[in-house]
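With this note's numbering, letter number 317 in the sequence shown gets 610, and the count goes up by one each step, no holes.
The beta carbon of each residue, even a glycine, is placed where N, CA and C say it ideally should be.
Quick notes on the structure that follows.
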Amino acid sequence: MHDSRIDDLARQLVRYSTQIKRGDRVLIEVFDVPEEMAIALIREVRAVKATPFVNIHQSKISRALAMGATDSQYEQIASLALEQMQKMDAYIAVRGSRNINELSDVPGAKMQMISKITRPVLNHRVNKTRWCVLRWPNSSMAQSAGMSTEAFEDFYFRACLLDYAKLLPAMRALAKLMDKTNDVHIKGPGTDLRFSLRGLKSIPCGGTHNIPDGEVFSAPVKNSVEGVIHYNTPSVYQGIAFDEVRLEFKEGRIVKATANKQKAITKILDTDEGARYIGEFAIGFHPEIREPMRDILFDEKIAGSFHFTPGQAYEGHADNGNRSAVHWDLVCIQRPDYGGGEIWFDGKLIRKDGRFLPKALEPLNW
């Protein structure tokens, strides 16, 4: 039996998230996703008199390519992908790999090379198209979330079909406050972090780029970060599972990093000079997303969280000038059940134990 929530999601992605209109060329990329979702997107794009284009990917095939990747091979792949992307007005990607560790045994040097060479495709998509990306629910994600498959599917559709427009006024109020903020101080268990937002733009994310959504992001002044941060949320990056990541900063640069995979974290942060600087600071507040599941599209939106990201800044948006092949969203949850914490803007307490204190921001509370 067809699940009508698939049609609801396709409609939201096309009509709200990417605002597809007559005559648009829309690239749909699906990764290990059921045919029903791709078909629903095709039908919805056509319903608004736009033209769908589809790329189909499978994670096992991607791994096989990556294992023997060469510079010249991926330069050609990236060139073709960039040419295709340059002809698109909008981009929708749905990713549903059943194994989050599928790429874990691909040599790190190969992954870094692929990321570096294909970065211009990502940059064009982010800066030149209307885009939206999301995961697809499966038993592997349910297992990571500690839920039954059916319960996870129900959670997934609740999270993805949230009425984002209703939260936009409070999101914009938070972005406006961040735009006026010079100095940020974040405190919590194992965390005492200071940095500046002076002159950096803040962007509210209300269901137009990532689904699920629910954050406002900016970036710190590149050389302003001082102190230490302990991330209490597990992470997967380049197919490797990390826990208990701790970073120390001096004049913006990560001078010490520890984690359960010490060699792996050191190698990632040594990818290039920009990997040891922060490219994004964001505050998450999705009311339906409460617990980490090692999937960053969900985890970075956790109610009462923030993320502080080593690597590439978002060019053309909240851009502090940092450039890197790395963009590693690492999350810290500040709700009382995770040890609590505080966020201060210019000496004023803005969020305590994951809840906003200013009245205009209260709709963002869980």
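- Counting along the chain, residue 530 sits inside no alpha helix (DSSP H); it lies in the beta strand (DSSP E) bounded by residues 528-530.
- Residue 340 counts as exposed, since fewer than 16 other beta carbons sit within 10 angstroms of its beta carbon.
- In its chain, beyond the 5 residues on either side, 608, 609 have a beta carbon closer than 7 Å to the beta carbon of residue 420.
- At least 9 Å separates the beta-carbon of residue 503 from that of residue 546.
- Under the three-state reduction of DSSP output, residue 541 falls in the strand class.
- Pairwise C-beta distances place the stretch 332-347 in contact with the stretch 306-313, as three or more of them are shorter than 8 Å.
- Taking a contact to require three or more Cβ pairs closer than 8 Å, the stretch 504-515 and the stretch 456-466 qualify as touching.
- With 16 or more other Cβ atoms from the protein chains shown falling within 10 Å of its own Cβ, residue 573 counts as buried.
- Per DSSP, residue 576 is one residue of the beta strand (DSSP E) stretching across 571-577.
- With contacts defined by Cβ atoms closer than 9 Å, residue 429 and residue 326 form a contacting pair.
- A contact is defined here as three or more CB-CB pairs under 8 Å, and the stretch 632-648 meets this definition with respect to the stretch 474-486.
- The residue among 595, 649, 322 with its C-alpha nearest the C-alpha of residue 346 is 322.
- From the listed residues 583, 563, 355, 487, the smallest Cα separation to residue 407 is found for 355.
- For the 9 Å CB-CB criterion, residue 564 and residue 405 form a contact.
- If the five residues before and after residue 648 are omitted, its C-beta is found closer than 6 Å to the C-beta atoms of 658, all from its own chain and listed in chain order.
- Here residue 357 is exposed, its C-beta having fewer than 16 other C-beta atoms within 10 Å.
- Shown here, residue 604 sits in a strand according to DSSP, grouped into three states.
- For a cut-off of 8 Å, the C-beta gap from residue 509 to residue 623 is around 17 Å, too long to register as a contact.
- No Cβ-Cβ contact shorter than 9 Å links residue 533 with residue 585.
- Shown here, residue 416 sits in a helix according to DSSP, grouped into three states.
- Secondary structure at residue 487: strand, using DSSP grouped into helix, strand and coil.
- Rounded to whole angstroms, the gap between the alpha carbons of residue 371 and residue 306 is 26 Å.
- Residues of the same chain with a CB within less than 6 Å of the CB of residue 598, apart from the 5 flanking positions on each side, are 577, 624, 626 in chain order.
- Beta-carbon to beta-carbon, residue 568 and residue 604 are separated by about 5 Å, close enough to satisfy the 8 Å threshold.
- Your pair residue 512 and residue 612 checks out as a contact, with CB atoms roughly 7 Å apart and the cut at 8 Å.
- Using a Cβ distance threshold of 9 Å, residue 489 and residue 521 do not count as a contacting pair.
- Per DSSP, the beta bridge partners of residue 385 are 321, 425.
- Less than 9 Å separates the beta-carbon of residue 571 from that of residue 615.
- A residue is called buried once 16 or more other Cβ atoms fall within 10 Å of its Cβ, and residue 596 is buried on that count.
- Across the structure, residue 487 and residue 638 are spaced so that their CA atoms are roughly 10 Å apart.
- Residue 441 counts as exposed, since fewer than 16 other beta carbons sit within 10 angstroms of its beta carbon.
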